[in-house]
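K.L.:
So that we are looking at the same thing, I have put the structure below in structure tokens.
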Amino acid sequence: MDWGMQNRLAQLIKSDGHCMFMPIDHGYFLGPTSKLEKPGEAIKPIIRFADALFVTRGVLRSCIDPLKSKPVILRVSGGTSVVGGDLANEGLT
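Each residue of the sequence shown is one higher than the one before, starting from 37 at the first, in this note's numbering.
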């Protein structure tokens, strides 16, 4: 594994080999989700327990404080909207 990949994984996975990632990209699949209308507020009480955040670009830019953030795993997808076909079967491109 090259240096860059080792460095990024070391930021996500603790020395004991354990990690806890907090997904807050539910709205991408499900549309507006109860209790996640304001993702930045919803995660405040529990963000300290997470080692990293799973987010979409929109949530990251609009809801996550860049000065107080955890490492980020950015969701990137070829799906374009929750208003179309079933995103549960999206594939890798």
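Think of the CB as a built atom: it goes at the ideal place given N, C-alpha and C, for glycine as much as any other residue.
Can you name the start and end residues of the alpha helix (DSSP H) that residue 78 belongs to?
P.N.:
That run of the alpha helix (DSSP H) goes 75 to 79.
K.L.:
Could you compute how far the alpha carbon of residue 46 sits from the alpha carbon of residue 108?
P.N.:
In a straight line, the C-alpha of residue 46 is about 13 angstroms away from that of residue 108.
K.L.:
Taking C-beta to C-beta, are residue 106 and residue 86 nearer than 8 angstroms?
P.N.:
A contact, by the Cβ cut-off of 8 angstroms.
K.L.:
Enumerate in chain order the residues of its own chain whose CB-to-CB distance from residue 74 is below 8 angstroms, with the five nearest sequence positions on each side excluded.
P.N.:
Closer than 8 angstroms at Cβ, skipping near neighbours: 99.
K.L.:
Could you check if residue 112 is buried or exposed, using at least 16 other CB atoms within 10 Å of its CB as the buried criterion?
P.N.:
Flag for residue 112 reads exposed.
K.L.:
For residue 60, is the classification buried or exposed, using 16 other Cβ atoms within 10 angstroms of its Cβ as the cut-off for buried?
P.N.:
Buried: at least 16 other Cβ atoms inside 10 Å.
K.L.:
Using DSSP with H/G/I as helix, E/B as strand and the rest coil, what is residue 96?
P.N.:
Correct three-state label for residue 96: helix.
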